[in-house]
Structure formats: C-alpha cells, structure tokens
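See below for the structure under consideration.
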Amino acid sequence: MGLHFPEGGVCVPSCVICVFRVIDCVKQTVDGHGVRGLYRGLSSLLYGSIPKAAVRFGMFEFLSNKMRDENGKLDSTRGLFCGLGAGMAEAVVVVCPMETVKVKFIHDQSSANPKYRGFFHGVGEIIRTEGLRGTYQGLTATVLKQGSNQAIRFYVMTSLRNWYKGDDPNKAINPLVTGAFGAFAGAVSVFGNTPLDVIKTRMQGLEAHKYKSTLDCAVKIMKHEGPKAFYKGTVPRLGRVCMDVAIVFIIYEEVVKVLNKVWKTD
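Start counting the sequence shown at 1; every next residue gets the next number (full-length UniProt numbering).
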C-alpha cells in the first residue's frame, strides 16, 4: 500500500486518499448536477439487471448440474468453470449491450451538449447512427471481464460453501454467512479483474474510436498512463461490488431453497 507524505511529514495511506477523492467526487457531482447526478445511467442499468441475473444463474445451474460428481457435489475447480461459462453467457446476451448503452449515456450527459433525452431515445439514436454493432462495442473485453469476474466469484463461493459444510452436504447456511461469503467473493473479483473493467469501459465509451482493439486499448493505457491506470476506481467499485454480490448471493440461495420445494435444482 502506497503512502503519501504531505507537508508536515504526516503519513496518509493511499487508500485513505482514495476515499477522500471519492467523497470529493460525490460532493462535486451533487453540487453540479444535484442528487440525480449520482444516478446517471440508472435506467439502462435497471433494464438489464434482471435478465443479466437470470442468464448468469440460469447458465450456472445448467452447467453445475452437468458437472457435479456422483454424490451431487460441485468442487471449486468445476465451480470456476461453471462461473466462467455463466459470465461469458451473460456478457454476450445482456451485459455488453447494456454496459455500452450505460457508458454512452454517462459520457453523453457529461458533455456540453447532451444528445440523448432518455433510455429509449438514446438506444434508438445509437442504433440509428451506429447500427446494432453500436451496442456491442468492447465485446471481447466484456466477455473477458464478465467471464473472469464470475469465474472468480463462483470459485470463491463454491470453495467457501464446501469448507463451511464440511462432510455434511445438507448443512444449512445462514443468509448472513452467505452474505459474508458473497462480500468476500466480490472483493476478490474486484482486485482480480478491475484492469479488464477499465479496458471494457474505455472500449465502450464515446472515445472508443481511439482504440483499434482490446489489446490496443490495453497497450495505450499502459504506454500513456502507466499501470496504475488499470486500477482507477478500485475503491468505489469495491464498496459497490461487495454489497452487490453479497445481496445477490443471499437472494440466489434463498430462491433456490424455495424452488427446491417445487422441483430439484441442486
């Protein structure tokens, strides 16, 4: 962890500096655009969240049911590959077009002359001017990002579940424990694939034309901004993702419990 030495010789951890920067960013956003400014791109995110979760967990359940051993147990390695498949599926079907639209909306609203009046108008304009391909910018980066993201999360969750249950596969897991496992899995995934998230965002923004490919984007970031640029936004993303993954896995586990009373899903 890096240290900052301001005047007077006081040492301040770099993570603390990042927190202050996040707070300052929030303050400036609210001052300039009001509280609503913190919710730019929310509509496109909401429209994609439900199908994204459906594809992710649906594909994971499908793959995991095929890869369990004779005792019905899914080991951590197989959990990783199931998560990888789930992440790649959601990237192609939902995440790439959703994220492309969201990033374009955020960048557009930050410009001097915004041209998108709302979600549906924005999507229509993107397709009209750029074609359907306009909603699939950065597909390679998105597949890499989502695939590695879910591979890490499901690997960690499967490992922690198996460790917690030990030799008793029927041992119940308290939702709070599931939430703690999910938050940890989210944190690991943030540190594991934030560089891919940075590349994906650049490839989907309004200045994506600057990059010839995903690899070209990575090379230019490294050349012009250095390795630290690949971890921009880590602190705010960490807080969001840990909470997000914890809540999602709690809901997932509880829904599976309910569904198991109707038909077998695990």
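Every residue, glycine too, gets a C-beta built ideally from N, C-alpha and C. These numbers were taken from a predicted model, which means no experiment stands behind them.
Residues near Arg56 in its chain [Cβ-Cβ closer than 8 Å; skip 5 each side]
Taking the first residue of the sequence shown as 1, we reach residue 56 at position 56. Contacts found: Ala86, Gly87, Ala89, Glu90 and Gln150.
Residue from Gln146, His209 and Cys96 with nearest C-alpha to residue 270:
This structure leaves residue 270 out entirely; the chain is present only between 1 and 266.
Let me confirm a value: Asp108 is counted as buried when at least 16 other C-beta atoms fall within 10 Å, else exposed. Which label applies?
For the purposes of this step, residue 108 is identified with residue 108 of the sequence shown, where counting begins at 1. Asp108 should be labelled buried.
Reduced DSSP secondary structure (H/G/I, E/B, other) of Gln109:
Indexing the sequence shown from 1 puts residue 109 at position 109. Gln109 falls in the helix class under three-state DSSP.
In whole angstroms, what is the alpha-carbon distance linking Asn193 and Lys212?
Translated into the one-based positions of the sequence shown, residue 193 becomes position 193. Translated into the one-based positions of the sequence shown, residue 212 becomes position 212. If you take the alpha carbons of Asn193 and Lys212, they lie about 21 Å apart.
Counting C-beta neighbours from all protein chains within 10 Å, is the total for Tyr116 16 or more, i.e. buried, or is it exposed?
Position 116 of the sequence shown, counted from the start, is the residue given in the question as residue 116. So Tyr116 counts as buried.
Taking its Cβ as the centre, do 16 or more other Cβ atoms sit within 10 Å of Met59, making it buried, or is it exposed?
Position 59 of the sequence shown, counted from the first residue, corresponds to residue 59. Buried is the call here.
Are at least three pairs of beta-carbons, each pair with one atom in the region 242-250 and one in the region 170-189, less than 8 Å apart?
When C-beta atoms of the region 242-250 are compared with those of the region 170-189, three or more pairs fall below 8 Å, so the two segments count as touching.
For Phe249, which residues of its own chain have a beta-carbon under 6 Å away from its beta-carbon, when the five flanking residues on both sides are left out?
Along the sequence shown, one-based indexing puts residue 249 at 249. Correct list, in chain order: Thr178 and Gly182.
How would you label Trp263, buried or exposed, when you count the other beta carbons within 10 angstroms and need 16 or more for buried?
What you label residue 263 is simply residue 263 of the sequence shown in a count that begins at 1. Exposed.
Is it buried or exposed for Tyr39, if we count other Cβ within 10 angstroms and need 16 for buried?
On the sequence shown, residue 39 is found 39 positions in, with the first residue counted as 1. Classification of Tyr39: exposed, given that the 10 Å Cβ count is below 16.
Cα-Cα, which of Ser159, Ile126, Lys257 and His33 is closest to Leu97?
On the sequence shown, residue 97 is found 97 positions in, with the first residue counted as 1. The question names Leu, but residue 97 in the sequence shown is Pro. Nearest option by C-alpha distance: Ile126.
To which residues of the same chain is Thr265 closer than 7 Å at the C-beta, ignoring the five residues directly before and after it?
As a position in the sequence shown, residue 265 is number 265, starting the count at 1. Reliability fails at Thr265, whose pLDDT of 49 lies under 50, so the model's placement of it is uncertain and no value is given.
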